[in-house]
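**Q** Below is one structure. I have some questions about it.
2 protein chains.
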Amino acid sequence: MSDSAFDVLGIGNAIVDVLVQTEDKFLTDNNLSKGTMALVSADEQRALYDKSGQAIESSGGSAANTLAGIAALGGRAAFAGKVKDDQLGRVFQHDIRAAGVTYTTSTATDGDPTATCLVLITPDGERTMQTYLGACVTFAPTDLDLEQLQGASVTYLEGYLWDPDAAREAFFKAAEAAHAAGRKVALSLSDPFCVDRHRDGFRDFIAEHVDILFANEDEIMSLFPDQGQSFDDAAAAIQGKVEIAALTRSEKGSVVVTANDMISVPAAKVEQVIDSTGAGDAYAAGFLAAYTQGHELKAAATLGGLMAALIIQQIGARPTASVQHLLSDIVN
Amino acid sequence: MSDSAFDVLGIGNAIVDVLVQTEDKFLTDNNLSKGTMALVSADEQRALYDKSGQAIESSGGSAANTLAGIAALGGRAAFAGKVKDDQLGRVFQHDIRAAGVTYTTSTATDGDPTATCLVLITPDGERTMQTYLGACVTFAPTDLDLEQLQGASVTYLEGYLWDPDAAREAFFKAAEAAHAAGRKVALSLSDPFCVDRHRDGFRDFIAEHVDILFANEDEIMSLFPDQGQSFDDAAAAIQGKVEIAALTRSEKGSVVVTANDMISVPAAKVEQVIDSTGAGDAYAAGFLAAYTQGHELKAAATLGGLMAALIIQQIGARPTASVQHLLSDIVN
């Protein structure tokens, strides 16, 4: 790769998480599908929030979490995504910058408030999310900083961005600009229901624009439902369609699929799952931090697994413990 | 006591905490006095926030934390304090109600935003606080709900409320209304610097209006600086001036001072201090929950100690674990 100003530029929804510990009964009483992310209106989210227990607020957003993780590992990270100039927007802005991530997207001065995700954490550590996209839907191609894009070794796109129309356009523009500058484009599939909503669009986009794909088992199987219900079939189906597919399998570790190889890496040890929020985001952070430093794919997948294990043993989706040693650990 | 609608009504500053884990060096670099609370302007708080690491937001406020603790213990709790109708105001409102506390104070629709407290948590678990009072300064005597006041067995006042002028007036009105209805008035001294700022005022108020006083070692010694530097002297000085003084001494437990007695209760066992935020608030919660249920002072002090121990072994100032069994534990 030519000289770069950033290892990774992430583009995603800029969201503040509202974290509530709850019982399984709350999910069933409110017809919520455990472990998934649903898009909801401000009113729907508010109605559920009013019924929820005491919460804590913590900056989130899938790609934003990944970039915070990359910065924590010593990588040069930038993020683009839209908040409103309101209290929670300033919270998001503060936290992503405090994480060491360059964040220069202009804030919306009118319209809907900063996006919030109501995260319901059940005793098993699983999280069920209700997202109100708010100001995120106004992220548009004009919000892209082409100089940042062209200067980033990898442009990392969050699948959730496919939902807002203007952001989807920005997706395409970003991928084209990155490739025109000789850079790599990575995509995270984010959520099986997100893949369901946009399967054909994702497939075309992946075929034409994606070098590195991140997906968990449910997501990759949702991308290829015609391949039966087996992970192995889905992994075979993606082989050759992208340069690298990094497929995560929870306690089974991850599989890195390239044109000629399938590299399995076991999961890192986990004592107790406290909050699974951000496991996939953290895996992508570890993987990309190692990858952009020129490490081998196996080392990248190992660091991804270590980061995921660390994040699910704490509350919140961004590392609170020091992780900078992890990058040197995996290569020594 | 006659029939009551509430066990405790708390009156205090309605604040959202912004919690940051930091190193000691950050405190010295910014000339901050460890372990204390300082009142700052919006600009001063913002300047420090901009330099701080990633944060999480969590509803706080000293008396509000105490009332949330009382409700968690099964007590009938109400709170009065002022927020603005903004995002953080809605966060405060949600959380105190979700804790099971009746909260009906009207929100400010213009003027300063909801109060925030920047809480810097050092590795030893100590917290250093910078509070911007925002909308709290508009809490006035007219915000008191006299029916609630007269129906509460104990009206609990937070010493910090002495800082805003209008709130201090509300203090006097609340104490008079409570006593006129044959109820008890409790006061927490909150912070040694708060006592320093208002020593004479506090002394007069205590002599005339307070039945139950809560203070830690530094606070009670700050109230009686002319008694030398010993805790025992300060404890002797308060004896007889109030019906009950519950004095907390960290790892030395607490001492309950009455006209004829000094009851020492050892501290509850603590494995590791994670975040000392809210230790005093939690003690008052345990004490008052037991006291208003008619338990003896020793049992009340024991429950206070258990609640304090629990709160300093978690992040945040309100109980996240179930505590309802604690009340029955101490009396069996």
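Chains A and B, in that order, are what the protein sequence lines are. Start counting the first sequence at 1156; every next residue gets the next number (our numbering). Start counting the second sequence at 1156; every next residue gets the next number (our numbering). Cβ atoms here follow ideal geometry from the backbone N, Cα and C, with glycine treated the same way.
(1) If you draw a straight line from the alpha carbon of residue 1293 (chain A) to that of residue 1244 (chain A), how long is it in whole angstroms?
(2) Please confirm whether residue 1459 (chain A) has its beta-carbon closer than 7 Å to some beta-carbon of chain B.
(3) Grouping DSSP H, G and I as helix and E and B as strand, with all else coil, what is residue 1350 (chain B)?
(4) State the DSSP-derived secondary structure class of residue 1176 (chain B), mapped to helix, strand or coil.
(5) Quick one: using the 10 Å Cβ neighbour count with 16 as the cut-off for buried, is residue 1347 (chain B) buried or exposed?
(6) Measuring alpha carbon to alpha carbon, tell me which residue in B:1369, B:1399, B:1471 is nearest residue 1430 (chain B).
(7) Evaluate contact between the stretch 1248–1256 of chain A and the stretch 1271–1284 of chain A, counting only Cβ atoms and requiring at least three cross-stretch pairs below 8 Å.
(8) Examine chain B for any beta-carbon lying closer than 7 Å to the beta-carbon of residue 1494 (chain A), and answer yes or no.
(9) So, is the C-beta of residue 1250 (chain B) closer than 7 Å to a C-beta in chain A?
(10) Is residue 1156 (chain A) helix, strand or coil by DSSP?
(11) What does residue 1475 (chain B) touch in chain A if you count any residue whose Cβ is under 7 Å from its own?
(12) Have a look at residue 1368 (chain A) and residue 1314 (chain A) and give me their C-alpha separation to the nearest angstrom.
(13) Would you check if there are 3 or more beta carbon pairs closer than 8 Å linking the stretch 1450–1463 of chain B to the stretch 1420–1436 of chain B?
(14) Report yes or no: is there a C-beta of chain B within less than 7 Å of the C-beta of residue 1212 (chain A)?
(15) Tell me the DSSP secondary structure of residue 1445 (chain A) in three-state form.
(16) Roughly how many whole angstroms lie between the Cα atoms of residue 1353 (chain B) and residue 1177 (chain B)?
(17) Apart from the five residues just before and just after residue 1376 (chain B), which ones in its own chain have a Cβ nearer than 7 Å to its Cβ?
(18) Using only the alpha-carbon positions, how far apart do residue 1191 (chain A) and residue 1248 (chain A) sit?
(19) Measuring straight from C-alpha to C-alpha, what distance separates residue 1235 (chain B) and residue 1222 (chain B)?
(20) Between residue 1306 (chain B) and residue 1159 (chain B), is the Cβ-Cβ spacing less than 7 Å?
(21) With burial defined as no fewer than 16 other Cβ atoms inside 10 Å of the residue's Cβ, what is the status of residue 1230 (chain B): buried or exposed?
(22) Does residue 1239 (chain B) pass the burial test, meaning 16 or more other C-beta atoms within 10 Å, or should it be called exposed?
(23) Closer than 7 Å, CB to CB, is residue 1208 (chain A) near chain B or not?
(24) Would the stretch 1267–1278 of chain B count as touching the stretch 1295–1303 of chain B if we require 3 or more Cβ pairs under 8 Å?
(25) Mark residue 1356 (chain B) as exposed unless 16 or more other C-beta atoms lie within 10 angstroms of its C-beta, in which case mark it buried.
(26) Using a Cβ cut-off of 8 Å, pull out every chain B residue sitting near residue 1204 (chain A), in sequence order please.
(27) Apply the 10 Å Cβ neighbour rule to residue 1172 (chain B) and answer buried if 16 or more other Cβ atoms are within range, or exposed otherwise.
(28) Does residue 1254 (chain B) come within less than 7 Å of chain A when only Cβ atoms are used?
(29) Considering only C-alpha positions, which residue in the set A:1476, A:1205, A:1237 is nearest to residue 1260 (chain A)?
(30) Do you know offhand how far residue 1358 (chain B)'s Cα is from residue 1378 (chain B)'s?
(31) Would the beta-carbon of residue 1166 (chain B) fall within 7 Å of that of residue 1344 (chain B)?
(32) From residue 1290 (chain A) to residue 1233 (chain A), what does the alpha carbon distance come to, in whole angstroms?
(33) Identify whether residue 1155 (chain B) lies in helix, strand or coil by the three-state DSSP scheme.
(34) Kindly indicate if chain B contains any beta-carbon less than 7 Å away from that of residue 1264 (chain A).
(35) Mapping DSSP to helix, strand and coil, what is residue 1488 (chain B)?
**A** In short, the structure shows the following:
(1) 14 Å
(2) no
(3) In the three-state DSSP reduction, residue 1350 (chain B) falls in the helix class (H, G or I).
(4) strand
(5) buried
(6) Of the listed residues, the one whose Cα sits closest to residue 1430 (chain B) is B:1471.
(7) no
(8) Here chain A covers residues 1156 to 1487 and nothing more, so residue 1494 (chain A) does not appear.
(9) yes
(10) Residue placement at residue 1156 (chain A) is flagged as unreliable, the pLDDT there being 46, under the threshold of 50; a coordinate-derived value is accordingly withheld.
(11) Counting only Cβ-Cβ distances below 7 Å, residue 1475 (chain B) has contacts in chain A at 1176, in chain order.
(12) 10 Å
(13) yes
(14) Output row for residue 1212 (chain A): interface = yes.
(15) helix
(16) 31 Å
(17) These residues qualify, in order along the chain: 1384, 1386, 1389.
(18) 26 Å
(19) 10 Å
(20) Going by C-beta atoms, residue 1306 (chain B) is nearer than 7 Å to residue 1159 (chain B).
(21) buried
(22) buried
(23) yes
(24) no
(25) exposed
(26) Within 8 Å Cβ-Cβ: 1249.
(27) When all chains shown are included, residue 1172 (chain B) counts as buried.
(28) yes
(29) A:1237
(30) The alpha-carbon atoms of residue 1358 (chain B) and residue 1378 (chain B) are separated by roughly 7 Å.
(31) No; because the gap between Cβ atoms is not below 7 Å, this pair is not in contact.
(32) 20 Å
(33) For residue 1155 (chain B) there is no data in the structure shown, the boundaries of chain B being 1156 and 1487.
(34) no
(35) Coverage of chain B is limited to positions 1156 through 1487, which leaves residue 1488 (chain B) absent and any answer about it impossible.
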